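Peer 1: Structure provided below as structure tokens; questions to follow.
Numbering (my numbering), first residue to last: 37 to 540.
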């Protein structure tokens, strides 16, 4: 039986790590968690439940990536990234203002989450599809307590909620926004999940749900057709890591959907030891530089949101998955017929008409193309065995968070919990500002760097800015490979948002 525990725990057989205690509790009674091989079972059930419990961040209206590895070492990636509609074009956003590009029906890409989950289940699942969808349907229909995080996001989106009668009926049923601890029910979404449980993904993409989505959108926009080193307390360590991240940020904007743009040369260069060594030599321990120094040619991606889960079962099958609808509540358009909030992932494409820096050609909009993403679910192996599983929520800042957790654990030799809990820093390249965590969590944990470290970073030329709230949330699982505890799984859920692992 899966048991929710503190943010870090050790288990011998299996673990699941996510950012919601209520979901950890769900696995106590879920048949998907009792001694069965993980494969796609827990991944499907957990992701659909997360889409209900976190409607501002994830759901059927979005997409993501699944990385699955069997106990035999065979790995497979399921690309659930949203796709541009058939009528999309490179210049489609050229005459829109920033708000119209970010929050409008034009910002909606074709959702990919359900197709990815269903395909993964068909290949790896042991339990029936219906049994895995049912828990999410029950949550949506019976209701659940609004979390602190969701309450805050609802408050931030108050004007959007109150401006739409359908959305207001759900999130402010009596004319006042629901608050933390009150019950939220998503009846239309429950009906949609019931239909999906019965008929699979075909009804979503080709059946009545697909037609309902298209009808809902075209009522607003007629143009759209049907959806076809010793602690991060030393400034030098922070400085070197930030400088490396800046070079990586510049390089990544040469990437794009490989089905539309040849990125083979760029990828080969990025993962070569020679490139790493050359970049290492370029890092100056005494100072930082302006963005052009790092080879930046294009405007940076600015993706948002996301949810992440890590799962390892008793046979050491692994699933690590990140999902998203992009910014909070996505396009801010909820399909009245289905109760689904639709993504705004079209905002993740680059556009030629950027006023500050040109957009990256490899990431221009094209029909049926997938935009660049920062999502980074990862599995690390040693000697043919799983050593660690990691992933993060946090949009553009995901690579920063994942790299720091791995550096903390594997290089600085911090315990797994400390590797996740250590304060983090972030850099977007543009603007040329180093964000550093400096806040106390809701449970009183303090995340901050020492004044000495910050002053030394200033002397190296870094422009510092305080990150006063949670920016990223990591999930991390480590398998012990030596000693008397060999085979034990150490699971850590980022305490920044009160996450809990579960295991047995």
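All C-beta atoms, glycine included, are put in the ideal place defined by N, C-alpha and C.
All figures in this text were calculated on a predicted structure; none of them were measured in a lab.
(1) May I ask which residues mark the beginning and end of the beta strand (DSSP E) holding residue 475?
(2) Report the CB separation of residue 337 from residue 408 in whole angstroms; it is logged as a contact under 8 Å.
(3) Taking only three categories from DSSP, how would you classify residue 344?
(4) By the DSSP assignment, the alpha helix (DSSP H) with residue 283 in it spans what residues?
(5) Between residue 193 and residue 365, how many whole angstroms is the CB-CB distance? I'm expecting something under 8 Å.
(6) For residue 374, count neighbouring C-beta atoms within 10 Å of its own C-beta (all shown protein chains included) and say buried if the count is 16 or more, exposed if not.
(7) Here's the rule I'm using: 16 or more other beta-carbon atoms within 10 Å means buried, otherwise exposed. How should residue 491 be labelled?
(8) Mapping the DSSP letters down to three states, classify residue 537 as helix, strand or coil.
(9) Might you give, ordered along the chain, the residues of its own chain that have their beta carbon closer than 8 Å to the beta carbon of residue 520, omitting 5 neighbours on each side?
(10) Please work out which residues of its chain come closer than 8 Å, Cβ to Cβ, to residue 173, disregarding the five sequence neighbours upstream and downstream, and give them in chain order.
(11) Could you check if residue 113 is buried or exposed, using at least 16 other CB atoms within 10 Å of its CB as the buried criterion?
(12) Helix, strand or coil: how does DSSP classify residue 100 here?
(13) Taking the continuous alpha helix (DSSP H) assigned at residue 80, which residues delimit it?
(14) Determine the direct distance from the alpha carbon of residue 400 to that of residue 124, and round the result to whole angstroms.
(15) In whole angstroms, what is the alpha-carbon distance linking residue 604 and residue 295?
(16) Figure out for me which residue from 498, 185, 302 has the closest Cα to the Cα of residue 275.
(17) Does residue 528 pass the burial test, meaning 16 or more other C-beta atoms within 10 Å, or should it be called exposed?
(18) Would you call the segment 97-111 in contact with the segment 200-209, where contact means no fewer than 3 C-beta pairs closer than 8 Å?
(19) Taking C-beta to C-beta, are residue 379 and residue 97 nearer than 7 Å?
(20) So residue 118 is in the alpha helix (DSSP H); what residue range does that whole segment cover?
(21) Roughly how many angstroms lie between the CA atoms of residue 128 and residue 135, to the nearest whole one?
(22) Helix or strand or just coil, what does DSSP make of residue 323?
(23) Of all Cβ atoms in chain B, is any one closer than 7 Å to the Cβ of residue 84?
(24) Is it buried or exposed, residue 542, if we count other Cβ atoms within 10 angstroms and call 16 or more buried?
(25) Does the beta-carbon of residue 326 have 16 or more other beta-carbons within 10 angstroms, so that it is buried, or is it exposed?
(26) In chain order, what residues of the same chain lie with their CB nearer than 7 Å to the CB of residue 148, ignoring the 5 residues before and after it?
(27) Considering just the uninterrupted stretch of the beta strand (DSSP E) at residue 511, what are its terminal residues?
(28) In this structure, how does DSSP classify residue 262 when only helix, strand and coil are distinguished?
(29) Taking DSSP's pairing of strands, which residues face residue 500 in a bridge?
(30) Does the Cβ of residue 206 have 16 or more other Cβ atoms within 10 Å, making it buried, or fewer, making it exposed?
(31) Measure from the alpha carbon of residue 180 to the alpha carbon of each residue in 169, 223, 285, 188, then state which is nearest.
(32) In this structure, what does DSSP give as the bridge partners for residue 181?
(33) So what does DSSP say about residue 167, is it helix, strand or coil?
(34) Can you tell me which of the three DSSP states residue 361 falls into?
(35) If you pair each beta-carbon of the segment 473-485 with each one of the segment 279-299, do three or more pairs fall below 8 Å?
(36) Following the continuous alpha helix (DSSP H) through residue 453, name the residue where it begins and the one where it ends.
Peer 2: In short:
(1) In the chain shown, counting from the first residue as 1, residue 475 sits at position 439. Note, residue 475: beta strand (DSSP E), 470-476.
(2) Residue 337 sits at position 301 when you count from the first residue of the chain shown. Residue 408 sits at position 372 when you count from the first residue of the chain shown. With 8 Å as the limit, residue 337 and residue 408 qualify as a contact, their Cβ atoms being about 5 Å apart.
(3) Stepping through the chain shown from its first residue, residue 344 is reached at position 308. DSSP places residue 344 in strand when its eight states are reduced to three.
(4) Within the chain shown, numbered from 1, the residue matching residue 283 stands at position 247. 271-288 is the extent of the alpha helix (DSSP H) around residue 283.
(5) Taking the chain shown and counting its residues from 1, the one referred to as residue 193 is at position 157. Taking the chain shown and counting its residues from 1, the one referred to as residue 365 is at position 329. Contact annotation, residue 193 with residue 365: C-beta distance approximately 5 Å; criterion of less than 8 Å satisfied.
(6) As a working note, residue 374 is residue 338 in the chain shown. By the neighbour-count definition (other C-beta atoms within 10 Å, threshold 16), residue 374 is a buried residue.
(7) Residue numbering aside, residue 491 sits at position 455 when the chain shown is read from its first letter. By the neighbour-count criterion, in which 16 or more other beta carbons inside 10 Å mark a residue as buried, residue 491 falls on the exposed side.
(8) In the chain shown, counting from the first residue as 1, residue 537 sits at position 501. Note: residue 537 maps to strand in three-state DSSP.
(9) Within the chain shown, residue 520 is the residue found at index 484, counting from 1. For residue 520, where only same-chain residues beyond five positions count, there are no Cβ hits under 8 Å.
(10) For this step, residue 173 is matched to residue 137 along the chain shown. So the qualifying residues of the chain are 226, 229, 230, 233.
(11) As a working note, residue 113 is residue 77 in the chain shown. Residue 113 is classed as exposed because its beta carbon has fewer than 16 other beta carbons within 10 Å across all chains shown.
(12) Taking the chain shown and counting its residues from 1, one reaches residue 100 at position 64. The three-state reading of DSSP puts residue 100 in strand, counting E and B together.
(13) In the chain shown, the residue the question calls residue 80 occupies position 44. Here the alpha helix (DSSP H) through residue 80 covers 77-89.
(14) For the purposes of this step, residue 124 is taken as residue 88 along the chain shown, with counting starting at 1. For the purposes of this step, residue 400 is taken as residue 364 along the chain shown, with counting starting at 1. The alpha-carbon atoms of residue 124 and residue 400 are separated by roughly 10 Å.
(15) For residue 604 there is no data in the structure shown, the boundaries of the chain being 37 and 540.
(16) Residue mapping note: residue 275 aligns to position 239 of the chain shown, counting from 1. Considering only alpha carbons, the answer is 498.
(17) Counting from 1 along the chain shown, the entry for residue 528 is found at position 492. So residue 528 ends up on the buried side.
(18) Because the criterion of three Cβ pairs below 8 Å is not met, the segment 97-111 and the segment 200-209 do not touch.
(19) Residue numbering aside, residue 379 sits at position 343 when the chain shown is read from its first letter. Residue numbering aside, residue 97 sits at position 61 when the chain shown is read from its first letter. Yes, these two residues count as a Cβ contact at 7 Å.
(20) Taking the first residue of the chain shown as position 1, residue 118 is located at position 82. Per DSSP, residue 118 belongs to no alpha helix (DSSP H) and is neither H nor E.
(21) As a working note, residue 128 is residue 92 in the chain shown. As a working note, residue 135 is residue 99 in the chain shown. Taking the Cα positions, residue 128 is about 14 Å away from residue 135.
(22) Stepping through the chain shown from its first residue, residue 323 is reached at position 287. Secondary structure at residue 323: coil, using DSSP grouped into helix, strand and coil.
(23) Given the protein chain composition of this structure (a single chain), no chain B is represented.
(24) A query on residue 542 cannot be resolved here, the shown segment of the chain reaching from 37 to 540 and no further.
(25) Translated into the one-based positions of the chain shown, residue 326 becomes position 290. Exposure of residue 326 is indicated by the presence of fewer than 16 other C-beta atoms within 10 angstroms of its C-beta.
(26) If you number the chain shown from 1, residue 148 lands on position 112. Only 99, 116, 117, 118, 119 meet the Cβ criterion.
(27) Within the chain shown, residue 511 is the residue found at index 475, counting from 1. Residues 509-515.
(28) To locate residue 262, count along the chain shown from 1; it is residue 226. Reliability fails at residue 262, whose pLDDT of 34 lies under 50, so the model's placement of it is uncertain and the value that follows must be treated cautiously. Look at residue 262 here: in three-state DSSP terms it is coil, with no helix or strand label.
(29) One-based indexing of the chain shown puts residue 500 at position 464. In the DSSP output, where bridge partners are listed per residue, residue 500 has 470.
(30) Position 170 of the chain shown, counted from the first residue, corresponds to residue 206. Per the 10 Å Cβ criterion, buried.
(31) Here residue 180 is taken as the residue at index 144 of the chain shown, counted from 1. The shortest C-alpha separation from residue 180 is found at 223.
(32) Within the chain shown, numbered from 1, the residue matching residue 181 stands at position 145. DSSP output for residue 181 lists 219 as bridge partner(s).
(33) Counting from 1 along the chain shown, the entry for residue 167 is found at position 131. The three-state secondary structure of residue 167, taken from DSSP, is helix.
(34) The sequence position of residue 361 within the chain shown is 325, counting from 1. Judged by DSSP in its simplified three-state form, residue 361 adopts coil rather than helix or strand.
(35) Segments in contact, no.
(36) The residue labelled residue 453 in the question sits at position 417 within the chain shown. Counting along the chain, the alpha helix (DSSP H) containing residue 453 begins and ends at 452-457.
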